[in-house]
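In the numbering used here, the protein residues as written are 796 to 1160.
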Ligand SMILES: NC(=O)c1ccc[n+]([C@@H]2O[C@H](COP(=O)([O-])OP(=O)(O)OC[C@H]3O[C@@H](n4cnc5c(N)ncnc54)[C@H](O)[C@@H]3O)[C@@H](O)[C@H]2O)c1
Ligand SMILES: [Zn+2]
């Protein structure tokens, strides 16, 4: 099965295709994206390089007679998603003579596509790039939307650009080599897309765990998730308002994630977002925006997908609340929530009485 999602950011007249299938070889074989470019520069991390770099180079060589295919491998891990690595990438690009007629191929998860997109969009004021996403989180979230970036010390994604790729290629069978926990955590964003924008999709995604799905079902789930995100991004590329529906679960999720990163038992982003989604759905229930049945449906789906529902750290709800208030995104101590009036119906910039927030935080502790 092959699904193509066309994304167009209308007001900027940018358009690109995201291809989802179970054969990268076929996708690359048929693409014309390399035609107009002189040099190809593949950026990847050490894990993905070991597994896929050689075969991807072969696939590209079959598609194009271009001699000049270069690759740059950095050590895998979020800790290397920073300006130092970007500097090393720039230096390598200079060394091999990358210019605006070249194309960058980001091969990897969200760390590679975020950092590679940033390096490409800033080198010589912008070299075109494509993303070959190899993680579930990368496929359903980082690959679409045009946010590129790196971390500045502990400030996540503080440096970046909004730059759309020329194309995104997704081969679902590459997920087979992903560690189980990394795969499952990526499913949080799949569920989130259903929760904020499409109840039917949420029901489909909740029916059986992702790893029990056939490859065609997986392609369907990933393609529909991308479709939902791209439709949101098309309406509000720069996140002035509507795109904030994608932040559901992330207000409390971010606090939970950063607290956990200071312990030996750190949570993956998607795991923290799952706990955040449960807390924020609880706020909706407590404030009468959704009924208990809807809350239970959301919580059960998260649990059935193998995602965590409670935060194990010993911390008071008051301390978590203080961290929420001090988050730089919440200017003047006012938290503007993304909440739900139903599954598939999100509302942004909602202000909520502290008592509901406190009870919801206690619920996840
Ligand atoms: N731009 C956006 O809109 C956006 C959205 C969501 C997340 N992100 C970013 O994405 C990053 C997280 O993404 P991630 O979870 O993909 O992290 P990641 O890129 O670090 O990948 C996770 C791990 O899996 C390995 N890996 C990747 N593909 C593999 C494969 N097919 N088989 C085996 N191992 C593989 C990687 O080497 C890494 O060790 C964060 O930095 C986050 O900020 C960006
Ligand atoms: Zn997220």
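Where is the CB? At the ideal position from N, CA and C, for every residue including glycine.
Please read all numbers here as calculations on a predicted model, not as lab measurements.
Sub-8 Å separation of residue 1043 and residue 987 beta-carbons
A Cβ-Cβ contact shorter than 8 Å links residue 1043 with residue 987.
Mind checking which residues open and close the alpha helix (DSSP H) that includes residue 917?
Per DSSP, the unbroken alpha helix (DSSP H) holding residue 917 starts and ends at 905 to 917.
Have a look at the DSSP bridge pairing and note the partners of residue 814.
DSSP links residue 814 through a beta bridge to 799 and 964.
Look at the Cβ atom of residue 917, then the Cβ atom of residue 843, and state whether they are nearer than 8 Å.
Pairing residue 917 with residue 843 gives a Cβ-Cβ distance that is not under 8 Å.
In whole angstroms, what separates the C-alpha of residue 1225 from that of residue 992?
A question about residue 1225 goes unanswered here, because the residues of the chain that appear run from 796 up to 1160.
Status (buried if at least 16 other CB within 10 Å, exposed otherwise) for residue 1129:
Residue 1129 is exposed by the Cβ-count criterion.
Hey, how far is the Cα of residue 1054 from the Cα of residue 996?
Whole-angstrom Cα-Cα distance: 32 Å.
Residue 1161 to residue 1065, Cα distance in whole Å?
A query on residue 1161 cannot be resolved here, the shown segment of the chain reaching from 796 to 1160 and no further.
Could you say which of 902, 969, 933 and 915 lies nearest to residue 818 if we only look at CA atoms?
Each of 902, 969, 933 and 915 was checked against the Cα of residue 818, and the nearest Cα belongs to 969.
CA-to-CA distance, residue 825 to residue 855, given in whole angstroms:
Residue 855 and residue 825: Cα-Cα distance of roughly 10 Å.
Touch test, the region 1131 to 1149 against the region 1078 to 1087, Cβ-Cβ under 8 Å, three pairs minimum
The region 1131 to 1149 makes contact with the region 1078 to 1087, as at least three CB pairs between them are under 8 Å.
Limits of the unbroken alpha helix (DSSP H) element including residue 1091:
Where residue 1091 is concerned, the enclosing alpha helix (DSSP H) stretches over 1087 to 1099.
What whole-angstrom Cβ distance do residue 761 and residue 960 have, given they're in contact under 8 Å?
Lying before the first or after the last residue shown, residue 761 is absent from the chain, which here runs from 796 to 1160.
Can you tell me whether residue 1042 sits near ligand 1, meaning its C-beta is under 7 Å from at least one heavy atom of the ligand?
Result no, Cβ not under 7 Å from ligand 1.
Please report the residue range of the beta strand (DSSP E) in which residue 928 lies.
For residue 928, the enclosing beta strand (DSSP E) has its first and last residue at 924 to 928.
Heavy atom of ligand 1 within 7 Å of residue 975 beta-carbon:
When distances are taken from the beta-carbon of residue 975 to the heavy atoms of ligand 1, even the shortest one reaches 7 Å or more.
Please report the residue range of the alpha helix (DSSP H) in which residue 1114 lies.
It spans 1112 to 1121 - the alpha helix (DSSP H) in which residue 1114 sits, taken as one unbroken run.
Just to confirm, are residue 1050 and residue 1119 a CB contact at a threshold of 8 Å?
Yes, these two residues count as a Cβ contact at 8 Å.
Please identify the residue among 908, 1145, 861 and 903 whose C-alpha is closest to the C-alpha of residue 1040.
Here the closest residue by C-alpha is 1145.
Is residue 1075 near ligand 2, going by C-beta to nearest heavy atom under 7 Å?
Flag unset: Cβ of residue 1075 not near ligand 2.
Mapping the DSSP letters down to three states, classify residue 983 as helix, strand or coil.
Helix, per DSSP.
Beta-carbon separation of residue 1072 and residue 1093 under 8 Å?
Result yes, Cβ atoms of residue 1072 and residue 1093 sit closer than 8 Å.
From residue 931 to residue 1012, what does the alpha carbon distance come to, in whole angstroms?
Rounded to whole angstroms, the gap between the alpha carbons of residue 931 and residue 1012 is 14 Å.
Could you tell me if residue 966 is buried or exposed, where buried requires 16 or more neighbouring beta carbons within 10 angstroms of its beta carbon?
Classification for residue 966: buried.
Under a three-way DSSP split, which group does residue 1001 fall into?
Three-state result, residue 1001: helix.
Along the chain, where does the beta strand (DSSP E) that runs through residue 871 open and close?
Taken as a continuous stretch (DSSP letters only), residue 871 belongs to no beta strand (DSSP E), as it is neither H nor E.
Start and end residues, alpha helix (DSSP H) containing residue 1127:
No alpha helix (DSSP H) holds residue 1127; DSSP gives it neither H nor E.
Complete beta strand (DSSP E) runs within the region 997 to 1048 (minimum length 3 residues, chain order)
Fully enclosed beta strand (DSSP E) runs of 3 or longer: not present.
Taking buried to mean at least 16 other C-beta atoms within 10 Å of its own C-beta, is residue 879 buried or exposed?
Classified as exposed, residue 879 has fewer than 16 neighbouring CB atoms from the shown chains inside 10 Å of its CB.
Counting only C-beta atoms, is residue 913 closer than 8 Å to chain D at any point?
Structure shown: chain D not included; a single protein chain is present.
From the DSSP output, in three-state form, read off residue 1140 for me.
Look at residue 1140 here: in three-state DSSP terms it is strand.
Who are the Cβ neighbours of residue 953 in its own chain at under 7 Å, not counting the five residues just before and after it?
Only 946 and 947 meet the Cβ criterion.
When every heavy atom of ligand 1 is checked, does at least one fall within less than 7 Å of the C-beta of residue 840?
Inclusion of residue 840 in the 7 Å shell around ligand 1 follows from its C-beta lying nearer than that to a non-hydrogen atom of the ligand.
Could you tell me the alpha carbon to alpha carbon distance between residue 964 and residue 979, rounded to whole angstroms?
Answer to the nearest angstrom: the Cα atoms are 21 Å apart.
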